[in-house]
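Participant:
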Amino acid sequence: MTLMNAVVFPAFGPPDVFRAVRVDRPDPGPDEALVRIHAAGICYHDVLSRAGRIPRDQPGQILGHEISGVVDEVGANVPASRVGERVVIYQRLYCGICPHCLGGRQDLCRNSRVLGEQGGGGYAEYCCVPVRNLIPVPDAVSLDAAALAVCPIGTSIRALVGVAEAKVGDTVLITGAGGGLGLHQIQIAKTLHTRVIAVTSSPDKEAAIRAAGADEVIVAPDGAFSKEAWRLTGKIGADIVLENVVSSTIGESLRACAAHAVVVVLGNVEARPIQLDPGLIIGRRLRICGSGNATYADVRMGLHLLATGSIQPVVHSVLPFPDVAEGHRLMESRHTTGRILLKGW
Numbered sequence: 026m027t028l029m030n031a032v033v034f035p036a037f038g039p040p041d042v043f044r045a046v047r048v049d050r051p052d053p054g055p056d057e058a059l060v061r062i063h064a065a066g067i068c069y070h071d072v073l074s075r076a077g078r079i080p081r082d083q084p085g086q087i088l089g090h091e092i093s094g095v096v097d098e099v100g101a102n103v104p105a106s107r108v109g110e111r112v113v114i115y116q117r118l119y120c121g122i123c124p125h126c127l128g129g130r131q132d133l134c135r136n137s138r139v140l141g142e143q144g145g146g147g148y149a150e151y152c153c154v155p156v157r158n159l160i161p162v163p164d165a166v167s168l169d170a171a172a173l174a175v176c177p178i179g180t181s182i183r184a185l186v187g188v189a190e191a192k193v194g195d196t197v198l199i200t201g202a203g204g205g206l207g208l209h210q211i212q213i214a215k216t217l218h219t220r221v222i223a224v225t226s227s228p229d230k231e232a233a234i235r236a237a238g239a240d241e242v243i244v245a246p247d248g249a250f251s252k253e254a255w256r257l258t259g260k261i262g263a264d265i266v267l268e269n270v271v272s273s274t275i276g277e278s279l280r281a282c283a284a285h286a287v288v289v290v291l292g293n294v295e296a297r298p299i300q301l302d303p304g305l306i307i308g309r310r311l312r313i314c315g316s317g318n319a320t321y322a323d324v325r326m327g328l329h330l331l332a333t334g335s336i337q338p339v340v341h342s343v344l345p346f347p348d349v350a351e352g353h354r355l356m357e358s359r360h361t362t363g364r365i366l367l368k369g370w
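Read left to right, the sequence shown gives residues 26 to 370 (our numbering).
(1) Give the straight-line distance between the Cα atoms of Val289 and Gly315, rounded to the nearest whole angstrom.
(2) Are the beta-carbon atoms belonging to Ala105 and Val343 less than 9 Å from one another?
(3) With DSSP as the reference, identify every bridge partner of Ile243, one or two as the case may be.
(4) Count Cβ pairs between the segment 283 to 297 and the segment 247 to 267 that sit closer than 8 Å; are there 3 or more?
(5) Going by the beta-carbon positions, is the gap between Ile213 and Ser181 smaller than 9 Å?
(6) Pull the bridge partners of Glu268 from the DSSP assignment, please.
(7) Which stretch, first to last residue, makes up the alpha helix (DSSP H) that contains Thr216?
(8) I need the straight-line Cα distance from Thr274 to Ala202, nearest angstrom please.
(9) Between the Cα of Gly369 and those of Ile62, Ala58, Thr27 and His360, spot the shortest distance and give me the residue it belongs to.
(10) Measuring CB atoms only, is the segment 165 to 173 touching the segment 188 to 199, in the sense that at least three cross pairs come out at less than 8 Å?
(11) Note the first and the last residue of the continuous alpha helix (DSSP H) segment covering Asp348.
(12) Where does the unbroken alpha helix (DSSP H) through Leu330 begin, and where does it stop?
(13) Under a three-way DSSP split, which group does Ile313 fall into?
(14) Taking the CB atoms as reference points, tell me whether Ser153 and Cys134 lie closer together than 9 Å.
(15) Give the DSSP-derived three-state secondary structure of Tyr115 in the structure shown.
(16) Are there 16 or more other CB atoms within 10 angstroms of the CB of Thr27, so buried, or fewer, so exposed?
(17) Please identify the residue among Phe37, Pro80 and Phe43 whose C-alpha is closest to the C-alpha of Arg297.
(18) Given a threshold of 16 other Cβ atoms within 10 Å of its Cβ, counted over all protein chains shown, does His360 qualify as buried or as exposed?
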C-alpha cells in the first residue's frame, strides 16, 4: 500500500488537535478517480466539524470539501483519457437514484454526505471520489480559484439565484459581508445588477468589502444595522437578505426587510437555536428560506464567472497543509477577509 500525507484530528477540540500523519493512499474503485490535490479551502463547516458541533462527525476524519486538483488515476470503468484532467470536486457524495438526484438536486439527497464527513476529504495529498463528482476546470481558471468554485462561490449562486431568484434592481443585504461567503456574494450580486448593502461588524474589513463592489457598507460592531439599512433604502427595506451569520444578526435582518422580502439562511456560525418575531414575519409577509450546497449547474456558472473575470476569487491567505490549525484559528477569530487556502506540503 502506498502512503500519503494527510492532516487528521484524533479527538474533538481546539485547532491544535490537528496532526499531520502518513496514511494509506486510497485506490480508485471501478467508477472512481484518484485526484492529486492542488488546493483545499477551509470552510467554517470544517471548524464546526473539528469542534464536534456537527452530530454525525467522528474524530479521525480527513476534513475538507473545497478541493481542486488533477486526476492521477482512474478505475476500470472510467476512460483513461481523464487522467491529467484539471478538476474541481463536487462536494457531496450522493446516491444518484432518488428523485432529488435524478432531478439535478443532488444537494437535497437524503443519503448524501459532505466530503470529509464520509470519504474524500481534502486535507491530504490525494482523495478518491466517484468520477461523477469531477467537474472539469476551464483553462482560463487557475486551480487555486477553482478550489472555491463549489463552496463558497457555487453555494452563493444557489442562495442568490436559485433560492432568492434575484433580479435586476433588487436591493440585496448581506451579513458577514467580509468573510469567504460574503465577499463572493457581493460580486455575484453585482453581476446581476442589484444594489448591495453589505454589513460587517469589523471596521478593518470595510475596504475589502468596498473593493468587492458593495454599493453601501454598514459597519456595526454592536450588531445594530437595521435602522441604517432602513435609511439607505428610503424606508423601503431590502428585497433579499443573505444571512451568513444568523445567530447574532437575524433579528436585525428581519427588521431591515421590505414587504414580501426573502431572507436566505446560509450560516450557522454559533450552531445554536435562535428566536424570531412572528408578528414581524406575518406583518411584512416575509419568507425565510434555507439554502446549502450548490448544484452542478451552480458550479458551472461559478466557473464561467471566474473564467470570464466577472468575479475574482478572494483569498485571505495561503498556508501549507500542515499549518491547517493556524487556518482554523484565523477562521474562528473572524478576522479573515476571504477564504483561507491550504496548498503544498
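All C-beta atoms, glycine included, are put in the ideal place defined by N, C-alpha and C.
Facilitator: Let me spell this out:
(1) 6 Å
(2) In this structure, Val343 does not lie closer than 9 Å to Ala105 by Cβ.
(3) Val224
(4) The segment 283 to 297 makes contact with the segment 247 to 267: 3 or more CB pairs, one atom from each, lie closer than 8 Å.
(5) yes
(6) Val290
(7) Gly205 to Thr216
(8) 12 Å
(9) Ile62
(10) no
(11) First-last for Asp348: undefined, no H or E at that position.
(12) Tyr321 to Ala332
(13) strand
(14) Correcting the residue type first, residue 153 is Cys in the shown sequence and not Ser. Their beta carbons are not under 9 Å apart, which means Cys153 does not touch Cys134 by this criterion.
(15) coil
(16) Looking at its Cβ environment, which holds fewer than 16 other Cβ atoms inside 10 Å, Thr27 is exposed.
(17) Pro80
(18) Counting the other Cβ atoms within 10 Å of the Cβ of His360 gives fewer than 16, which makes it exposed.
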